[in-house]
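A.B. asks:
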Amino acid sequence: MRTMSTLTSNTPAPPKPSLLPLLNRALKGPIQALQEYSLLVGDSIVKACTPPIYFSDVLEQMDVIGVGSLPIIVLTGFFIGGVMVLNTAAQFQQFGSTALIANAVSIGLVRELGPFIAALLVTGRNGSGIASELGSMVVTEQVDAMRALGTDPVRKLVVPRVLATFIVLPLLTAVTDLVGLFGGFAMARFQLGITAVEYWHRSVTALASGDLIQGIVKPLVFAIIISTIGCFHGLRAHGGTQGVGRATTSAVVAGSIAVIIVDLFLGKLLLYYFVS
Amino acid sequence: MATRPNNEITGEPLIRFENVSVGFGENEVLRNISFEVDAGETKVVLGESGSGKTVLLKLAAGLLRPSSGRVVIMGHNLGEMKEVDLLDFRRRIGFVFQESALFDSLDVADNVSFRLREESRNVREMETRVRESLRFVEMEHAYHKFPAELSGGMRRRVSIARALIDQPPIVYYDSPTAGLDPVTSQTIITLILRLRDSNGVTSLLATHRLQDAFGLANFVFEPKSKRVLPVWEDGDGRHFALTKVLVIRDCEIYFQGETTELLKSEDPYLRQFLA
Numbered sequence: 036m037r038t039m040s041t042l043t044s045n046t047p048a049p050p051k052p053s054l055l056p057l058l059n060r061a062l063k064g065p066i067q068a069l070q071e072y073s074l075l076v077g078d079s080i081v082k083a084c085t086p087p088i089y090f091s092d093v094l095e096q097m098d099v100i101g102v103g104s105l106p107i108i109v110l111t112g113f114f115i116g117g118v119m120v121l122n123t124a125a126q127f128q129q130f131g132s133t134a135l136i137a138n139a140v141s142i143g144l145v146r147e148l149g150p151f152i153a154a155l156l157v158t159g160r161n162g163s164g165i166a167s168e169l170g171s172m173v174v175t176e177q178v179d180a181m182r183a184l185g186t187d188p189v190r191k192l193v194v195p196r197v198l199a200t201f202i203v204l205p206l207l208t209a210v211t212d213l214v215g216l217f218g219g220f221a222m223a224r225f226q227l228g229i230t231a232v233e234y235w236h237r238s239v240t241a242l243a244s245g246d247l248i249q250g251i252v253k254p255l256v257f258a259i260i261i262s263t264i265g266c267f268h269g270l271r272a273h274g275g276t277q278g279v280g281r282a283t284t285s286a287v288v289a290g291s292i293a294v295i296i297v298d299l300f301l302g303k304l305l306l307y308y309f310v311s
Numbered sequence: 016m017a018t019r020p021n022n023e024i025t026g027e028p029l030i031r032f033e034n035v036s037v038g039f040g041e042n043e044v045l046r047n048i049s050f051e052v053d054a055g056e057t058k059v060v061l062g063e064s065g066s067g068k069t070v071l072l073k074l075a076a077g078l079l080r081p082s083s084g085r086v087v088i089m090g091h092n093l094g095e096m097k098e099v100d101l102l103d104f105r106r107r108i109g110f111v112f113q114e115s116a117l118f119d120s121l122d123v124a125d126n127v128s129f130r131l132r133e134e135s136r137n138v139r140e141m142e143t144r145v146r147e148s149l150r151f152v153e154m155e156h157a158y159h160k161f162p163a164e165l166s167g168g169m170r171r172r173v174s175i176a177r178a179l180i181d182q183p184p185i186v187y188y189d190s191p192t193a194g195l196d197p198v199t200s201q202t203i204i205t206l207i208l209r210l211r212d213s214n215g216v217t218s219l220l221a222t223h224r225l226q227d228a229f230g231l232a233n234f235v236f237e238p239k240s241k242r243v244l245p246v247w248e249d250g251d252g253r254h255f256a257l258t259k260v261l262v263i264r265d266c267e268i269y270f271q272g273e274t275t276e277l278l279k280s281e282d283p284y285l286r287q288f289l290a
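So the sequences go chain by chain: A and B.
Heads up: the first sequence begins at 36 in this note's numbering, then just goes up one per residue.
Heads up: the second sequence begins at 16 in this note's numbering, then just goes up one per residue.
Structure, rendered in structure tokens:
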């Protein structure tokens, strides 16, 4: 009869649980993706500054991203302005300074909400559009066909989208700000009885140059983030139509999260340099 | 003339694979692949689905880089070239993709002239070249149509026209007859015969259809009469179709040679393939 000791001696020792392979598997993918994304961003910035640049494609993308996004930007901006007035009115009324609402709406929109809302809307509408368009081209081998025909897909597909977003997002942000101020004015005038002169005078005088710089710099940075994330996920699509769907979802999720995170740090940096 | 008297072809082969291996992550796709394709010759790459035929063609076009070994095309070692040089190099080859890979947003004329537009060629010259190329594949009537309006066979022919626009010396065909009916498949094979025998195009053709290999090996296009004729023998000797076969199995080359040798083979796998 075999004793317990012989049994245990014949049984191979179970492998020691090690965290290293698990960590390796968990971190390798995201780190590699981050590396590839950084390379794409660098490559597209270099190629956006060197010829050849496909200007007709840039114009076409400006139309798709800029003009195409205008209706949702106008609609959302107007109501965001109105909602701001509605929610802050009670607080200002407590101190008898209802007219200061115009200052709050103006600064809030120009510094923060205008760039942020415009960026999130463009992420949802165009980040997804870019990812699905490029993803479809990848899975149907159109991107390979482009390379086989001697054309650089980064120059032909990525750079025009990055440049177009870079140009139109600040403009869309300016529209959001303006329409938001009108939305705020509508609520302030008809709900709180603030006069037009007082509202617009306070809205304009409340703004300092630092606020305007924030309002311009943020959309420029967001534009690079949104467009490159959309292109990155589109170009990495694989696995047919399901893969295109996954790429589109990833582009919107990653783009929105990146905008929110960068907004905090960029906001802090810009406040430090231009406002405080 | 579509004939190949002995010792007619001399010098460097246009396509040369030397111990090429490639894999994606832990999956090995091709191992130790070595072969050569002489000028004017068509090499039919046979293999089951997923055997690495497309990967082999993409390696030959520099769209993928080998893990080891050398891919030498027209004297260029593609593994050592930068992507920017590869883009220039690829303008000298044609690639017909399995699903045609036409650009959805462009019409047939713009698809075919894509390469010429990139080089900012003269508009009049472009139109002439596009019409010539479309006429060759008998698709001139589709000049203004979009890919979505074309059948699978028509798209395949437009894809061939696009690959031929700059008359490249080398063309790669990735399963050009896959999913097509027998009549359309024959039309495509005839086009490839014409390119091989009239224009002297060197090519790699990936397929899982043995009929394609035999169609190319047993027939020649006679430019004078513009007829497809079976290979024949006369006082000058046997008139060869410039076609050889390469079979890939389990990531490696399983067979390499003439179709006549393939037919005579007693190997069980090849017999199964031939059945």
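We put the beta carbon where it would ideally sit given N, CA and C, even for glycine.
#1: Count the C-beta pairs between the segment 182-190 of chain A and the segment 244-263 of chain A that are closer than 8 Å, then say yes if the count reaches three, no if not.
#2: Please list, in chain order, the chain A residues whose beta carbon lies closer than 9 Å to that of residue 140/B.
#3: I want to check one thing, is the minimum distance from the CB of residue 113/A to the heavy atoms of the ligand GTP below 7 Å?
#4: Residue range of the alpha helix (DSSP H) that residue 200/A falls in?
#5: Locate the alpha helix (DSSP H) running through residue 234/A, then write down its first and last residues.
#6: Run through chain B and tell me which residues come within less than 7 Å of residue 185/A, C-beta to C-beta.
#7: So, residue 157/B versus residue 110/B, is the Cβ gap smaller than 8 Å?
#8: Alpha carbon to alpha carbon, what distance is there between residue 261/B and residue 293/B?
#9: Scan the segment 159-179 of chain A for residues whose Cβ lies nearer than 7 Å to a Cβ of chain B and list them as they occur along the chain.
#10: My output table needs one value for residue 278/B: the three-state DSSP class, helix, strand or coil.
#11: Quick one, are the C-beta atoms of residue 163/B and residue 103/B less than 8 Å apart?
#12: Determine the direct distance from the alpha carbon of residue 209/A to that of residue 224/A, and round the result to whole angstroms.
#13: Classify residue 242/B as buried or exposed, calling it buried when 16 or more other Cβ atoms lie within 10 Å of its own Cβ.
#14: Of the residues 217/B, 259/B, 212/B and 233/B, which one's Cα is nearest the Cα of residue 239/B?
#15: Looking at the C-beta of residue 60/A, does it have a partner C-beta in chain B at a distance below 8 Å?
#16: What span of residues does the beta strand (DSSP E) with residue 108/B cover, start to end?
#17: Just how far apart, CA to CA, sit residue 149/B and residue 187/B?
#18: Which one of 161/B, 154/B, 174/B and 189/B has the shortest CA to CA distance from residue 65/B?
#19: Apart from the five residues on each side of it in sequence, which residues of its chain come closer than 8 Å, Cβ to Cβ, to residue 38/A?
#20: Pick out the complete alpha helix (DSSP H) segments inside the segment 120-207 of chain B, 4 residues or longer, and give them in chain order.
#21: Beta carbon of residue 113/A, beta carbon of residue 214/A: below 8 Å?
#22: Using CA atoms only, rank isn't needed, just tell me which of 282/B, 210/B and 41/B is closest to residue 56/B.
#23: Please check the pair residue 176/B and residue 154/B, which I expect to be a contact at CB under 8 Å, by giving their CB distance rounded to whole angstroms.
#24: Drop a sphere of 10 angstroms on the beta-carbon of residue 22/B, count the other beta-carbons inside from all chains shown, and report buried for 16 or more, exposed for fewer.
#25: Whose C-beta lies closer than 7 Å to the C-beta of residue 36/A among residues of the same chain, with five residues either side of it excluded?
#26: Starting from residue 184/A, follow the beta strand (DSSP E) in both directions and report where the run begins and ends.
#27: Quick one, are the C-beta atoms of residue 80/A and residue 199/A less than 8 Å apart?
#28: Out of 109/A, 108/A, 160/A and 150/A, point me to the one whose CA is closest to residue 257/A's CA.
#29: So, is the C-beta of residue 116/B closer than 8 Å to a C-beta in chain A?
#30: Provide the residue span of the alpha helix (DSSP H) that contains residue 291/B, from first to last.
#31: Quick check: residue 217/B and residue 185/B, are their CB atoms within less than 8 Å of each other?
#32: Are the CB atoms of residue 61/B and residue 222/B within a distance shorter than 8 Å?
#33: Considering just the uninterrupted stretch of the alpha helix (DSSP H) at residue 257/B, what are its terminal residues?
#34: Leaving aside the five residues before and after residue 142/A along the sequence, list all residues of the same chain whose C-beta is less than 8 Å from its C-beta, in chain order.
#35: Which partner residues does residue 66/A have in the DSSP bridge list?
#36: Who are the Cβ neighbours of residue 217/A in its own chain at under 7 Å, not counting the five residues just before and after it?
C.D. replies: In short:
#1: With the cut-off at 8 Å, the segment 182-190 of chain A and the segment 244-263 of chain A do not touch.
#2: Simply none; closest approach about 17 Å.
#3: Absence of the ligand GTP from the depicted structure is noted, as is the absence of any ligand whatsoever, leaving it without description.
#4: 194-227
#5: 231-240
#6: 102, 103, 105, 106, 130 and 133
#7: no
#8: Since the first and last residues shown for chain B are 16 and 290, residue 293/B lies out of range.
#9: 175, 176, 177 and 179
#10: Judged by DSSP in its simplified three-state form, residue 278/B adopts helix.
#11: no
#12: Computed Cα separation, rounded: 22 Å.
#13: exposed
#14: 212/B
#15: At a cut-off of 8 Å between beta-carbon atoms, residue 60/A makes no contact with chain B.
#16: 108-111
#17: 18 Å
#18: Of the candidates 161/B, 154/B, 174/B and 189/B, the residue whose Cα lies closest to the Cα of residue 65/B is 189/B.
#19: Low per-residue confidence applies at residue 38/A: pLDDT is 43, beneath 50, and the placement is therefore not dependable, though the value from the model is reported in the following sentence. So no residue of the chain qualifies.
#20: 123-127, 129-133, 138-151 and 167-179
#21: yes
#22: 210/B
#23: Your pair residue 176/B and residue 154/B checks out as a contact, with CB atoms roughly 6 Å apart and the cut at 8 Å.
#24: Residue placement at residue 22/B is flagged as unreliable, the pLDDT there being 35, under the threshold of 50; the coordinate-derived value follows with that caveat. Counting Cβ neighbours within 10 Å, residue 22/B comes out exposed, since fewer than 16 surround it.
#25: Interpretation of residue 36/A is limited by its pLDDT of 41, a score under 50 that renders its predicted location unreliable; the figure taken from the coordinates is listed afterwards. Counting only Cβ-Cβ distances below 7 Å, and skipping sequence neighbours, we find nothing.
#26: For residue 184/A, no beta strand (DSSP E) segment is defined, and its DSSP state is neither H nor E.
#27: no
#28: Answer by Cα proximity: 150/A.
#29: yes
#30: Coverage of chain B is limited to positions 16 through 290, which leaves residue 291/B absent and any answer about it impossible.
#31: With a cutoff of 8 Å on beta-carbon distance, residue 217/B and residue 185/B are scored as near each other.
#32: yes
#33: From DSSP, residue 257/B is part of no alpha helix (DSSP H); its letter is neither H nor E.
#34: 241, 242 and 246
#35: For residue 66/A, which the question treats as bridged, DSSP gives no partner whatsoever.
#36: 113 and 116
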